[in-house]
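What follows is one structure encoded as structure tokens, with my remarks underneath.
Residue numbers (my numbering): 334 to 459.
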């Protein structure tokens with residue numbers, strides 16, 4: 334059975350949180366990423382979203398809407414990318430990431446970010 338995973342597009346004052354993965358992670362080290370990760374067994378999508386965002390960034394968010402469902406055959410994963418509103422907290426990165434930026438959507442769509450991030454941000458229609 335595939336692992337479930339979630340990625341969060343966190344919106345704060347017109348910007349989106351982008352993270353750079355550490356070289357210590359197994360999956361796509363050094364690449365730009367969105368907060369998120371694998372859900373625990375029995376965990377709901379919203380529970381996994383809140384936990385993963387809190388673990389990776391120390392932020393609290395609220396779910397807005399689902400952007401898309403995706404699948405990775407390479408990693409035997411089915412996932413969702415969702416849009417969220419920032420609620421509270423200051424970014425404190427876990428060991429999985431080395432830097433972060435709040436970036437306006439236009440700069441993500443036209444910037445040097447992975448195609449899936451650019452496409453998901455474009456899907457927001459901001």
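Beta carbons are placed, not taken as given, at the ideal position from N, Cα and C, and that holds for glycine. This one's a predicted model, so the numbers in the text were calculated from it and none came from an experiment.
- The beta-carbon separation of residue 393 and residue 384, rounded to 11 Å, does not stay under the 8 Å limit for a contact.
- Nearest in C-alpha terms to residue 352, of all of 412, 457 and 429, is 429.
- Residue 403 sits in a strand when the DSSP states are folded into three classes.
- A distance below 6 Å between beta-carbons, with the five flanking residues on each side excluded, links residue 401 to the following residues of its chain, in chain order: 414.
- In this structure residue 410 does not touch residue 362 by the C-beta definition: roughly 17 Å separates them, more than the 8 Å allowed.
- Less than 8 Å separates the beta-carbon of residue 420 from that of residue 395.
- When secondary structure is reduced to three states using DSSP, residue 366 falls in the strand class.
- With respect to residue 341, residue 369 sits close: the two C-beta atoms are nearer than 8 Å.
- Taking the Cα of residue 433 as reference, the smallest distance to any Cα among 444, 398, 375 and 350 is reached at 350.
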